[in-house]
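528 is the number of the first residue of the sequence shown in my numbering; add one for each residue after it. Think of the CB as a built atom: it goes at the ideal place given N, C-alpha and C, for glycine as much as any other residue. Accompanying notes for the structure given below.
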Amino acid sequence: MQNMTGKRTHHIACNLCEAICGLEIKTDNGEIQSIRGDKQDPLSKGHICPKAVALQDIYKDPDRLRTPLKKTADGWREITWTEAFDEVSNRLKNIQRAHGNNAVAVYLGNPTVHNLEALIYGPMFFRTLKIRNRYSATSVDQLPEQLVSLMMFGHSLLIPLPDLDRTRFHIIFGANPVVSNGSMMTAPGVTRRLKAIRQRGGKLVVIDPRRTETAALADQHLFIRPGSDVYMLLAMLNVVFSEGLQTLGSASEFTAGLEHVESFVKDFQPESVASKTGIDPQAVRSLVREFCQAEGASCYGRIGVSTQRHGTLTQWLITVFNIVTGNLDIPGGTMFSQPAFEILKAAPPGKKGFADHYSRVRNLPNFNGEFPVAALAGEITTTGEGQVRALITNAGNPVLSTPNGQRLDEALGELEFMVSIDIYLNETSRHADIILPPVMGLERPHYDVAFQALAIRNGAKFSPAVFTPGREQRSDLQIFTELAWRMQKGNMFSKLGGWFKKVTLQRLGSGWIIDRRLKQGPYAKSHNLTLKKLKQNPHGIDLGAMRPCLPGRLFTRDKTIKLAPAGFVAELKQLGNVTPADHADPVANGFDLQLIGRRDPRTNNSWLHNSRRMVKGKQRCIALIHPQDAESRGLESGDMAQVSSRVGSIRIPVQINADIMPGVISIPHGWGHQVEGIKLSVASEHAGVNTNILTDDHFLDSVSGNAALNGVPVSLSKVN
528 MQNMTGKRTH
538 HIACNLCEAI
548 CGLEIKTDNG
558 EIQSIRGDKQ
568 DPLSKGHICP
578 KAVALQDIYK
588 DPDRLRTPLK
598 KTADGWREIT
608 WTEAFDEVSN
618 RLKNIQRAHG
628 NNAVAVYLGN
638 PTVHNLEALI
648 YGPMFFRTLK
658 IRNRYSATSV
668 DQLPEQLVSL
678 MMFGHSLLIP
688 LPDLDRTRFH
698 IIFGANPVVS
708 NGSMMTAPGV
718 TRRLKAIRQR
728 GGKLVVIDPR
738 RTETAALADQ
748 HLFIRPGSDV
758 YMLLAMLNVV
768 FSEGLQTLGS
778 ASEFTAGLEH
788 VESFVKDFQP
798 ESVASKTGID
808 PQAVRSLVRE
818 FCQAEGASCY
828 GRIGVSTQRH
838 GTLTQWLITV
848 FNIVTGNLDI
858 PGGTMFSQPA
868 FEILKAAPPG
878 KKGFADHYSR
888 VRNLPNFNGE
898 FPVAALAGEI
908 TTTGEGQVRA
918 LITNAGNPVL
928 STPNGQRLDE
938 ALGELEFMVS
948 IDIYLNETSR
958 HADIILPPVM
968 GLERPHYDVA
978 FQALAIRNGA
988 KFSPAVFTPG
998 REQRSDLQIF
1008 TELAWRMQKG
1018 NMFSKLGGWF
1028 KKVTLQRLGS
1038 GWIIDRRLKQ
1048 GPYAKSHNLT
1058 LKKLKQNPHG
1068 IDLGAMRPCL
1078 PGRLFTRDKT
1088 IKLAPAGFVA
1098 ELKQLGNVTP
1108 ADHADPVANG
1118 FDLQLIGRRD
1128 PRTNNSWLHN
1138 SRRMVKGKQR
1148 CIALIHPQDA
1158 ESRGLESGDM
1168 AQVSSRVGSI
1178 RIPVQINADI
1188 MPGVISIPHG
1198 WGHQVEGIKL
1208 SVASEHAGVN
1218 TNILTDDHFL
1228 DSVSGNAALN
1238 GVPVSLSKVN
């Protein structure tokens, strides 16, 4: 750990979003004096966004929990760690003895992936539970991208990334990287990178229902109706084949299924889908021709297309489009990272990774051992064998971040026991019986395993802890290894072995596993890459641009790319017939608008709203509507409106904005802090409303079960 005395300068990676920008933090006797971008960081080159300074606010936040809490009849009471671990392990054991292992469930929030210790040691604890009921933020986020990679390339984490720094034509579907900083694409300073495409004579095109901040930078913006991206991509592929533009390039020798793609797109001419997408057919044809003429082109789609009714099909067709235009695994196209800390390994024998099991109540498929979180409320409230009676949450706030949040909020109240591993008493953890608060990001060492694997340029960086935690604090490593030992099943010898493992891991810390994996990685010999070397290079080490790596990096058994997975093709044949009965005719039911989300550069999901610097200034939780939709309802900017869906209603101020297409309403997610029983003093003053009161836990991606948070049918009316 770092010495906190005197003036010191620390170089770490920011862990608040996927950009992992390098930070230079100056401290004086344990107090942060400044947080700036690290100009010597080889990936971010000094770029930071407004969120970086929130690290100081989280560290100093008086609302942040530092000791365990227990819920009593008289309210919350601080308890010792020993008491907390005893209570958690005893309650979980008793519930599993009485009702079976699967009476316990786990939910992992998005911050888990920003935390090396939680990523590595959390699963060690969860395995001791021997449960199937596992859920995470994956199924309200990137599940379709991962499923597509699993089915096409053989591994869910082998994600094709746009080679932004060399591409000469870039299409963006349903993403706003200027605000999000890039997602499933680690590219700090993404605005600079996007501008550079145009500066080198390339072209940037954004396809989105809103003229986003990214679209404002683009050469061309095409409005598209929410949820119709699948039809747009089918039309684009139709143009590729009908005009003879298809080529697999160097991938021709290890790609299967091209003839199937040509067959299923033949009936989707741009003219035949224009009424669904709202896009002029000639614009589609011109777009495809220009894309195919470029020397290195990339098409990218993100959360706007993943979290919709056809999310998996859309992400699949984006990948297919990149491949059949000859833009996979080439500079300027879409490529694969080769991280120093390798996270890819073959699946265990007999495991497909998808649909190995189905949820008890709704028969939804699992993915990488997790069920869609849309199923969780029903698993809690539906009686019978396997009913969830206890829940463990880690760094998550699913009441605000998952569809039909009010239903889950009510369901959590029916649990026999709940434990939250969290630094805040929030809208979800308020239901817990025990809260175990780990240290925050500046108090633990870190290596970005996930986001280095998604980086558009290979590199490695170790972030030492800036501050030493207090004596009564516990790290994620300590919490998870302690719980794993206490929950370990078996005889005296296995438990003794578990105790020795716990003690050893806690003494070693996380550094040993970083060092071990670096020494096993692809740069161990060429760059002599070790943890010691990273510590000697605190700004990080550049390992070069992405390089062609196929077919060697494929994980399919025959080392071929599967262009037309049978399940995807079968679902495509049902296109147009998959809308649930509840949404069969939304306009006739009064739901004549479609809901889409929106991000803000000062927030990240439900995070950071307790930082006054992040929420001060203009109101951020507002609904954007087109002037036509406002006029027909007698609404003016600033008016309070009621927005309703099949499952709920909210009241929210509106702002009239011509940058959103008619028939669409945009509301940001992550807000709704007016709930009793939370301890978020600043966030409560800037509560906003929870858009997931409107989203529907039965309105899902037809293939994966991912939440369809975009395209939800809603109504809008003025509140008198």
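Alpha-carbon to alpha-carbon, residue j and residue i
{"i": "Gly-1165", "j": "Gly-649", "result": "45 Å"}
{"i": "Arg-654", "j": "Thr-1008", "result": "11 Å"}
{"i": "Ala-873", "j": "Val-640", "result": "20 Å"}
{"i": "Lys-566", "j": "His-574", "result": "7 Å"}
{"i": "Gly-986", "j": "Val-1114", "result": "50 Å"}
{"i": "Thr-910", "j": "Arg-563", "result": "53 Å"}
{"i": "Arg-593", "j": "Asp-601", "result": "20 Å"}
{"i": "Lys-988", "j": "Pro-1075", "result": "23 Å"}
{"i": "Met-678", "j": "Ile-1088", "result": "9 Å"}
{"i": "Ser-813", "j": "Gln-747", "result": "12 Å"}
{"i": "Arg-1125", "j": "Thr-718", "result": "18 Å"}
{"i": "Cys-548", "j": "Ser-947", "result": "29 Å"}
{"i": "Pro-964", "j": "Asn-1247", "result": "44 Å"}
{"i": "Asn-893", "j": "Ala-1234", "result": "14 Å"}
{"i": "Ile-699", "j": "Gly-805", "result": "17 Å"}
{"i": "Ser-471", "j": "Ile-751", "result": "Not covered by the structure: residue 471. The range shown for the chain is 528 to 1247."}
{"i": "Glu-943", "j": "His-958", "result": "11 Å"}
{"i": "Gly-754", "j": "Leu-1032", "result": "47 Å"}
Short Cβ contact (8 Å threshold) for residue i with residue j
{"i": "Asp-555", "j": "Lys-534", "result": "yes"}
{"i": "Lys-572", "j": "Gly-709", "result": "no"}
{"i": "Thr-846", "j": "Val-675", "result": "yes"}
{"i": "Leu-760", "j": "Val-851", "result": "no"}
{"i": "Ser-1037", "j": "Leu-1004", "result": "yes"}
{"i": "Ser-928", "j": "Ala-1150", "result": "no"}
{"i": "Phe-680", "j": "Leu-1081", "result": "yes"}
{"i": "Ser-561", "j": "Arg-1013", "result": "no"}
{"i": "Glu-941", "j": "Thr-995", "result": "no"}
{"i": "Leu-889", "j": "Ala-904", "result": "In the sequence as displayed, the identity of residue 889 is Arg instead of Leu. Cβ distance not < 8 Å, so Arg-889 and Ala-904 don't count as in contact."}
{"i": "Ile-1177", "j": "Asn-953", "result": "no"}
Three-state class that DSSP yields for residue i in the structure shown
{"i": "Leu-1135", "result": "coil"}
{"i": "Ile-585", "result": "helix"}
{"i": "Cys-541", "result": "coil"}
{"i": "Leu-1236", "result": "coil"}
{"i": "Asp-883", "result": "strand"}
{"i": "Thr-1106", "result": "Residue placement at Thr-1106 cannot be trusted, given a pLDDT of 48 that sits under 50; the coordinates are not used to answer."}
{"i": "His-626", "result": "helix"}
{"i": "Asp-1069", "result": "strand"}
{"i": "Asp-613", "result": "helix"}
{"i": "Asn-985", "result": "strand"}
{"i": "Tyr-648", "result": "helix"}
{"i": "Gly-1024", "result": "helix"}
{"i": "His-1054", "result": "coil"}
Start and end residues, beta strand (DSSP E) containing residue i
{"i": "Leu-1122", "result": "1120-1123"}
{"i": "Gln-933", "result": "Careful: Gln-933 lies outside any beta strand (DSSP E), inside the alpha helix (DSSP H) at 932-939."}
{"i": "Val-1198", "result": "Reading off the sequence shown, one finds Trp at residue 1198, where the question assumed Val. Segment: none, Trp-1198 is in no beta strand (DSSP E) and carries neither H nor E."}
{"i": "Gln-1169", "result": "1167-1171"}
{"i": "Phe-680", "result": "Phe-680 -> not in any beta strand (DSSP E); alpha helix (DSSP H) instead, spanning 670-680."}
{"i": "Ile-1183", "result": "1176-1183"}
{"i": "Leu-963", "result": "961-963"}
{"i": "Val-1096", "result": "Per DSSP, Val-1096 belongs to no beta strand (DSSP E); it is in the alpha helix (DSSP H), 1093-1100."}
{"i": "Phe-944", "result": "944-948"}
Continuous alpha helix (DSSP H) stretch holding residue i: start and end
{"i": "Val-706", "result": "704-707"}
{"i": "Asn-921", "result": "Segment 917-921 is the beta strand (DSSP E) holding Asn-921; no alpha helix (DSSP H) there."}
{"i": "Cys-819", "result": "808-820"}
{"i": "Arg-1013", "result": "1003-1014"}
{"i": "Met-1250", "result": "The displayed coordinates of the chain run from 528 to 1247. Any statement about residue 1250 would go beyond what the structure contains."}
{"i": "Asp-1042", "result": "1038-1047"}
{"i": "Gly-838", "result": "838-851"}
Residue burial classification, residue i (beta-carbon count within 10 angstroms, cutoff 16)
{"i": "Glu-780", "result": "exposed"}
{"i": "Gly-1017", "result": "exposed"}
{"i": "Trp-1198", "result": "buried"}
{"i": "Phe-1020", "result": "exposed"}
{"i": "Arg-1034", "result": "exposed"}
{"i": "Gly-1232", "result": "buried"}
{"i": "Phe-1118", "result": "buried"}
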